[in-house]
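Enquirer: In our numbering, the protein residues as written are 739 to 1304.
Glycine is no exception: its CB is placed at the ideal position from the N, C-alpha and C atoms.
Only a predicted model underlies this, so the values are computations on that prediction, with no experimental measurement involved.
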Amino acid sequence: GPTLADLLCSNSFKDLQILVFSIVGKTRGGKSLLLNLCIKYLESQPGTPDWLTGTVPPRTGFTWKGGVGSVTKGIWIWPKIYKRKAANGTEVGILLVDNEGMFDGEATDGEIIALCGISTAMSYIQMFNVRDKITTDYLETIMRNLVKGIENMDSDQSAKLRDDYNLMFVVRDWVYEEDHSFGLEGGKTYIERDSERGSRELKNLWSEIKRTFSDLQCLLLPFPGSAVEKGFAKTGDLNELDKEFLKQVKSFITNIFAPKNLVPPKTKLTGEGVYRLLMSVDGKIADDNLSFLNMFTENINFSKESLLLARFPGGFQDLDLLQKLKTEIETEGENAFRGKSKTRFNERLKRTLEQMMNSEVIQKVYKKYEDNFSSSKRTKQCHEIWKGCVSLLDKYMCGNTATRIQTREKAVKKMSDVYYRQLYEEVYNDFKDSIKDLKELEELTGLDDKTVKERFLKLDDFTDIVDTNVIHPIWLKYHQKLKCCVTEHFLKKIEELTGAENLENVRAEQYKFYEACTLLKKNGDIWDSIPGDKTLLFKKVGYALFGPPKQVIHTEIPSKVEMLCN
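Structure below.
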């Protein structure tokens, strides 16, 4: 099957807002069965009325079975995301998550609360599954690690929690139908009444829950029937379940996934965001860093970081204002981030802002340098242009020594490309002009070699602030391009001067010149085709006429050829 990264970081879902429906709770409480029925609905065709029929084979969904021991261990994510339209018309992805069975004696309190914290931090709705009724023990378990330290959060942070997180109690095997009817409506009156009575301790727990979650719901479900304790786990035949249970489950699932009830929270959590959140766990399920509170703040810090970075604009023209804005965002980050990850997020925000600021500085300096080369022959004023650009670069680039070195190198690479491209064009155009009116072959002698060697020189301005190895590949690229273009134009001029009639007369003798000079001037397998004297000029003529030889014949050069070459 797909990996976690395949699922959450694919092109289809990495930027899509994900609504995570998660359930935690009592071992053998029927959590996995409920999620399997959710899968059955989401897999059915929209509008299909009889989707809750047939079977639910365990192997098609979350692993579950009746009995004493817990099956689901850790956090289990259904490897499929379902795209649906939300209430605001946007497209969202629905992801189902199951959690390790609680109170099975195999997990520590820290592990249980950590699992609850992780799933709640990424959940759109966190369902807390209990049997019979909501007791003080259940409330204490889910709140134990959240309550401590919650008072240290500022009002903005608390508001963020209330805006973003929803809790739903799922009470199984509800037998008090006379007091509170099945479904969400009955559950609403149940928690309203239960939260107002009992001991002060119980009232305080309810108060903390209401303060933390923006929306608090309760679903009351009847007993599914004796089949769940017998053979249902093997057959998965829905006909074996109690009709009232199926009726209530169908109503609940149809309602919870209806577009009008899919209201995306303000804190947007994408597929990639869910992946990063899970990866931050690093497998240490009992670590103190996985406290319920810390997982809340971790998710909020991700959201705040994205919002702060979104304030830093691209293509900003005024670097003074941009520098001021960068400082303001860094200060806001110091006040906005919370929890044990605060320092890490502040450092990462600062590094990212430095990268963004330096990118803007590089672009600004590059544009300034490029604009000065808009007219011809501007390479002659390159030193004056360069001074202003370096001054601008040094003033606004930021970061530590290594970062500043990297910024200089990136800037110089871009500017050197501008300079050498312009120099190439100037030298090449000058060369074409210089040979345009020449009438004799001998007048061409050495011009191509001289032009490239004497005109296309490295500029010391660049190597004054960066290592020469940074710039050499760029210089070499345009040097080679110039050499090829000059050589090609040189050959065309030779063909122009020799003429078609003359070529017919000298073809045989000229080939001897070509072959002889090739044997005389070899550097390994490479023949240097740029003529530096008259002899090599004849060689160039031969190259223009016949192209390079397929093979070199190692024979003594005829004396007649020697005489002609001389």
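Since Glu978 and Pro960 are thought to touch, with beta carbons under 8 Å apart, how far apart are those beta carbons, to the nearest angstrom?
Expert: About 15 Å; that fails the 8 Å criterion.
Enquirer: Output needed for Thr1145: all residues of its chain with C-beta closer than 6 Å, excluding positions within five of it in sequence on either side, in chain order.
Expert: Asn1096, Met1135.
Enquirer: Going by C-alpha to C-alpha distance, which of Tyr1107, Glu1178, Gln1119 sits closest to Leu1130?
Expert: The shortest C-alpha separation from Leu1130 is found at Tyr1107.
Enquirer: Shortest alpha-carbon distance to Lys818 belongs to which of Pro784, Gln986, Leu772, Cys747?
Expert: Checking every option, the nearest Cα to that of Lys818 belongs to Cys747.
Enquirer: Rounded to a whole number of angstroms, what is the C-alpha to C-alpha distance between Asn1110 and Glu1180?
Expert: C-alpha separation (whole angstroms): 39 Å.
Enquirer: Spell out the partners DSSP gives Cys1223 in its beta bridges.
Expert: The partner list for Cys1223 (beta bridge, DSSP) is empty, contrary to what the question assumes.
Enquirer: Around the C-beta of Thr1076, are 16 or more other C-beta atoms found within 10 angstroms, so that it is buried, or is it exposed?
Expert: It is worth fixing the name first, because residue 1076 is Arg in this sequence and not Thr. Arg1076 comes out buried.
Enquirer: Can you give me the C-alpha to C-alpha distance between Ile863 and Gly1052, rounded to a whole angstrom?
Expert: Approximately 36 Å, taken between the alpha carbons.
Enquirer: Does DSSP classify Thr828 as helix, strand or coil?
Expert: Coil.
Enquirer: Output the boundary residues of the alpha helix (DSSP H) element that contains Val1156.
Expert: That run of the alpha helix (DSSP H) goes 1139-1173.
Enquirer: For Ile1100, does the three-state DSSP call read helix, strand or coil?
Expert: If DSSP states are grouped into helix, strand and coil, Ile1100 belongs with the helices.
Enquirer: To the nearest angstrom, report how far apart Asn774 and Thr793 are at their CA atoms.
Expert: Cα to Cα, Asn774 sits roughly 11 Å from Thr793.
Enquirer: Pick helix, strand or coil for Gln1119, following the three-state DSSP scheme.
Expert: Three-state DSSP puts Gln1119 in a helix.
Enquirer: So, with DSSP's three-state summary, where would you put Asp753?
Expert: Here Asp753 sits in coil by DSSP.
Enquirer: Kindly list the residues whose CB is nearer than 8 Å to the CB of Val966, restricted to its own chain and excluding five residues on each side of it in sequence; keep chain order.
Expert: Answer for Val966: Gly768, Leu771, Gly804, Leu979, listed in chain order.
Enquirer: Straight-line CA distance for Gly827 to Met865?
Expert: Distance between the alpha carbons of Gly827 and Met865 is about 25 Å.
Enquirer: Comparing alpha-carbon positions, which option in Arg869, Lys948, Leu877, Leu954 lies nearest Val913?
Expert: It is Arg869 whose Cα lies nearest to the Cα of Val913.
Enquirer: Whose C-alpha, out of Leu1220, Val1128, Lys1148, Asp1155, is nearest the C-alpha of Lys1170?
Expert: Minimum Cα distance to Lys1170 is reached at Leu1220.
Enquirer: Can the beta-carbon of Gln986 be found closer than 8 Å to that of Phe907?
Expert: Not a contact, by the Cβ cut-off of 8 Å.
Enquirer: Any idea if Gly1126 is buried or exposed, counting beta-carbon neighbours within 10 angstroms, 16 or more meaning buried?
Expert: That one is exposed.
Enquirer: Candidates Gly936, Gly763, Val1204, Leu1007: which alpha carbon is nearest Phe751's?
Expert: Ranking Gly936, Gly763, Val1204, Leu1007 by Cα distance to Phe751 puts Leu1007 first.
Enquirer: Excluding sequence positions up to five away, which residues of its chain have a Cβ less than 7 Å from the Cβ of Thr927?
Expert: For Thr927, where only same-chain residues beyond five positions count, the Cβ hits under 7 Å are His918.
Enquirer: What do you reckon, are the CB atoms on Ile690 and Asp932 nearer than 8 Å?
Expert: Absent from the structure is residue 690, since the part of the chain shown begins at 739 and ends at 1304.
Enquirer: So, are the CB atoms of Thr1183 and Val1224 less than 8 Å apart?
Expert: No, the pair does not count as a contact, with Cβ atoms beyond the cut-off.
Enquirer: When you compare each of Gln1093, Tyr1157, Thr1141, Thr1139 to Gln1119 by their alpha carbons, which one comes out closest?
Expert: Closest by alpha carbon: Tyr1157.
Enquirer: Taking Cβ positions, are Leu833 and Pro1002 nearer each other than 8 Å?
Expert: Result no, Cβ atoms of Leu833 and Pro1002 do not sit closer than 8 Å.
Enquirer: Could you check the C-alpha separation between Leu754 and Cys1222 for me, to the nearest Å?
Expert: Cα to Cα, Leu754 sits roughly 50 Å from Cys1222.
Enquirer: For Lys1133, which option in Leu1176, Asp1058, Ala824 has the closest C-alpha, if you only look at C-alpha atoms?
Expert: The option with the nearest alpha carbon to Lys1133 is Asp1058.
Enquirer: For Cys956, name the three-state secondary structure that DSSP assigns.
Expert: Reduced to three states, the DSSP call for Cys956 is strand.
Enquirer: Give the secondary structure of Pro740 by DSSP, where H, G and I count as helix, E and B as strand, and everything else as coil.
Expert: Looking at Pro740 - three-state DSSP - the assignment turns out to be coil, as it is neither helix nor strand.
Enquirer: Taking Ile1100 and Ala1149 to be in contact with their CB atoms under 8 Å, please state how far apart those CB atoms are, rounded to whole angstroms.
Expert: That pair is a contact at about 5 Å.
Enquirer: Does Gln783 come out as helix, strand or coil in the three-state DSSP assignment?
Expert: In this structure, Gln783 counts as coil in the three-state DSSP scheme.
Enquirer: Phe995: beta carbon under 7 Å from a heavy atom of the ligand GDP?
Expert: Among the ligands in the structure shown, none appear at all, so the ligand GDP cannot be discussed.
Enquirer: Could you check how far apart the C-beta atoms of Ile947 and Met860 are, in whole angstroms? I think they sit under 8 Å.
Expert: Between Met860 and Ile947 the Cβ distance is about 19 Å, and since that is not below 8 Å, they are no contact.
Enquirer: Rounding to the nearest angstrom, what Cα-Cα distance links Trp1213 and Glu1234 in this structure?
Expert: Approximately 31 Å between the Cα atoms of the pair.
Enquirer: I need the boundaries of the beta strand (DSSP E) containing Met1017, first residue and last residue.
Expert: Here Met1017 belongs to no beta strand (DSSP E); instead the alpha helix (DSSP H) covers 1009-1017.
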